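Okay, so here's the structure we're looking at.
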Amino acid sequence: MKLTLTTLAATLAASTAMADLVIPDLSYRTGPYAAGGIPFSDGYQDYFTLLNERDGGIGGEPIRLIECETAYDTERGVECYEATKGEGALIYQPLSTGITYQLIPKVEADQIPLHTMGYGRTSAANGEVFNWVFNYPANYWDAASVAINHLLEENAGDLSGKKIALIYHNSAYGKEPIRTLEELSEKHGYELTTIPVDHPGQEQKSQWLQIRRDRPDYVIMWGWGVMNQVAIQEAANIRFPMENFIGNWWAGAEHDVTPAGAAADGYKSLNMNRVQEYPVFDEIRQHVIDAGLGAGDGGSSIGSVLYTRGMYAAMLAAEAIEKAQEIHGTSAITAAQMRDGMEALEVTEATMEEWGAPGIGPEFSVSCQDHGGSGYGLVQQWNAEAGTWEPLTDFIQADAEVIDPLVEGDSMSYAQENNITPGCPGS
Amino acid sequence: MPDQLLYAIEVSLNGLMAGVLYALVALGFVLIFKASGIFNFAQGVMALFAALTLVGIMDGQVPFAHLMNTVFGTDIHGFGWQVPALAAIVLTALVMVLFAILVQRFIFRHLVNQEPIILFMATIGLAYFLEGVGDLMWGSEIRTLDVGLPQGINETIDRVTFDAFGYGFFIDNLDIAATVVAALLVTALVVFSQYTKQGRALRAVADDHQAALSVGISLNYIWILVWSIAGFVALVAGIMWGAKSGVQFSLSLIALKALPVLMLGGFTSIPGAIVGGLIIGMGEKLFEFFVGPLVGGATENWFAYVLALIVLVFRPQGLFGERIIERV
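Chains as they are written, first to last, in our numbering: chain A, 2 to 428; chain B, 6 to 333.
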């Protein structure tokens, strides 16, 4: 018995000492938003497990994943952060705008990088103000602009006189694109109507009756959770043309459209990661799923929109770890060194090919000044018969002329409110 | 007819239909509160659990498959069959009866004569436990529920109103179906409570526990019966709401829609739940239509509670509730 305990203690000590690259996964597998949280977390974890199993970690250093359940609850998200940061966490990816807002001052104080890809505080793209927060490859304002650019493309570059309605989750997240869409409406001459939906969004009759009366040419949706499924069903009910209904990239997963069945056919959404069969999926199946090491229920969501996005997030984190190891000449990097790796990140077609995911995202690079990446997004369309998302466009660039001043303005206000002197650390 | 008036009529009709859906959830609360004095916080989760069970049975899913696979290393997912909707509804109703027996046997039998707040807290615990069990049994994915209910615009109403007013009203077929089902359900409940032995016993317990006991009515049996009926009402609510949005864990939040209905209609009245639902549904939709645009919209959630609070101030027992008089 004593021998067993000693062996167990030695094994635990050895595994802790070896597991130097600590990646907390603030996931949500329970609660009303679990359907979105599960595939993202599965993709995030499975990719790191693949690196451990296939390559022995990154740079010879094993990765230690710590999963903590937030239930998409801001308070629990902060608790998870506090509980895991002392483990030597290298990077946080909370998949929640609410949690992100609470963590921003904390990561600045604790000096741990926070990556909020396509969500969170948009103006965190200004790396000189938000030294420890990154939101590459694109942010909410980019998404709003990409949607409008797509509509411009469809209307031969002219949206004047068109009516566009924004139906949004009545929260900080949902309100993010309003300013951008207002600015863009001034530039392109369309008429914008904003229609809020209260959490959780199970009852949207009033909103869709308004849309039926107002007859906008296009509806853009900023939803999450049950709001998405109900909105798509209600749009179908009032026979709103699905090809004129565009969700943002958090309103474009398989589970958002399947409850409406065939009626959801033609619905469009933005995406920051291309959805297709990648060679890396076979690697994951072989080294992770077949070995019984898959996260969640073991591979059922491989290839879905949010699984692919979670995997893409892990790929970006792993790439930054490799960069940090290169820069600092050590495999056991610290959180501060991780930040350097993230700022030196350069994603090219060759990089994505190397990951086994060619074309999964746009090419982009990060710098101390620019934590926001390229700002590219694509439009995909739901094919209900095939049950698949089909890419409708290539990656479309956001309107930097409008977005950049907004990022600058908002981030500088934040700097002023918080007595931050903008600049790169160490400069 | 002026456009605004037409729109207001359309909004009112849709509000009434939405109110029926709220009332369906509120009914479950009323049944349990009336018979046992317990404010059942778990009613929303019961609707979720019932809907999850229904979809699981229809799809031939093996309950606790994920747990078994993790613990025993098996690879079980489904039985490989599909169960017809009607049979699945019957089986789910039986599961809800079993749930009622277990709740009574393991929780409330031990809490007889406890303060109402203790019983309320027990239902909070039950709600979270049931949510967890539902997750373990059936998983967290969003499931499509198709029991053959019609969905989408009602073409006849659209055409008739268009011919009459030059504007076709939108009424959702699912809402019409929900109204019919709710009417049948309430009729069945009234017939049951007025004309059956068990129903009369249930009413006796609701009126006076001690007196009911003294004439030989088993409280245990009546409470199992009432939790079973509330479970069936939860199943109906789960079907209606699940058909709208898919069966998912946010279904448990529909309880939030029932609270103002209960405050307004009273906690002890079945007609109160129905009328309360209709008033809340129509009131919130009309308020959103007329005032929403002036204040930035999204008024429905809070306005329902304001409406209920106003009623509460003037009639604390709700419009149809029993006045509580305690003599010192």
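The beta-carbon is built from N, C-alpha and C at its ideal position, and this holds for glycine as well. Keep in mind that this is a model prediction, so the values were computed, not measured.
Taken through DSSP and simplified to helix, strand or coil, B:MET142 comes out as helix.
A:SER414 counts as exposed, since fewer than 16 other C-beta atoms from the protein chains shown sit within 10 angstroms of its C-beta. Taking a contact as a CB-CB distance under 8 Å, the pair B:ALA28 and B:ALA278 counts as one, their CB atoms being some 5 Å apart. Close partners of A:LEU153 in chain B (Cβ separation under 8 Å) are lacking, with about 27 Å as the shortest Cβ gap.
Taking a contact as a CB-CB distance under 8 Å, the pair B:LEU124 and B:PRO155 does not count as one, their CB atoms being some 40 Å apart. Closer than 8 Å at the C-beta level to chain B, one finds these residues of the stretch 223-252 of chain A: GLY226, VAL227, GLN230, VAL231, GLN234, ALA237, ASN238, ILE239 and ARG240. Under DSSP, the beta-bridge partners assigned to A:GLY248 are A:MET222 and A:SER270. Interface with chain A (8 Å Cβ-Cβ cutoff): B:THR97 is excluded.
The shortest CA-to-CA distance from A:GLU68 to any of A:GLY60, A:GLY61, A:TYR219 and A:ARG77 is the one to A:ARG77. Apart from the 5 residues on each side of it in sequence, A:GLN208 sits with its Cβ closer than 7 Å to the Cβ of ILE168, ILE196 and VAL198 in its chain, given in chain order.
When CB distances to chain B are screened at a threshold of 7 Å, the residues of the stretch 34-49 of chain A falling below it are ALA35, ALA36 and ILE39, in chain order.
Within the same chain, Cβ atoms closer than 7 Å to the Cβ of B:VAL231 are found at LEU36, ILE37, ALA40, SER41 and LEU207, the five residues on either side in sequence being excluded. Contacts between A:ARG180 and chain B, judged by CB atoms closer than 7 Å, are missing: the closest CB pair is about 15 Å apart. Of the residues B:GLN253, B:GLY65 and B:ASP8, the one whose Cα lies closest to the Cα of B:ASP140 is B:GLN253. As DSSP reads the structure, B:LEU207 sits in no beta bridge.
Within the stretch 153-164 of chain B, the residues whose Cβ lies closer than 8 Å to some Cβ of chain A are GLN156, GLY157 and ILE158, listed in chain order. Look at A:GLN398 here: in three-state DSSP terms it is strand. Positions of the beta strand (DSSP E) runs, each at least 3 residues long and wholly inside the stretch 187-241 of chain A, are given as 192-198 and 219-223 in order along the chain. Setting aside the 5 residues that flank it on each side, A:GLU235 is surrounded in the same chain by GLN205, LYS206, GLN208 and TRP209, each with a C-beta closer than 8 Å to its C-beta; the list follows chain order. In chain order, VAL35, PHE38, LYS39, GLY326 and GLU327 place their CB closer than 7 Å to the CB of B:THR273, counting only its own chain and leaving out the 5 sequence neighbours on each side. Residue state for A:HIS170 is assigned as strand, using DSSP reduced to three classes.
Separation of A:ARG275 and A:VAL380 (C-alpha to C-alpha, rounded to the nearest whole angstrom) is 9 Å.
Beta-bridge analysis with DSSP links A:ASP371 to A:ASN127. Contact annotation: in the stretch 165-184 of chain B, residues whose CB is within less than 7 Å of a CB in chain A are PHE175 and ASP177.
DSSP places A:ALA90 in the strand class (E or B) of the three-state scheme. When the beta-carbon positions are compared, B:TRP143 and B:GLN66 come within less than 8 Å of each other. Taking all protein chains shown into account, B:PHE237 has 16 or more neighbouring C-beta atoms within 10 Å of its C-beta and is therefore buried. Residue-level contact check: B:ALA23 touches chain A, since one or more beta carbons of chain A fall below 8 Å from its beta carbon. Contact between A:GLY300 and A:ARG286 holds, with the beta-carbon distance rounding to 6 Å and staying under 8 Å. Taking the C-beta atoms as reference points, B:LEU26 is found nearer than 8 Å to B:ALA183.
Chain A has no Cβ within less than 8 Å of the Cβ of B:GLN87.
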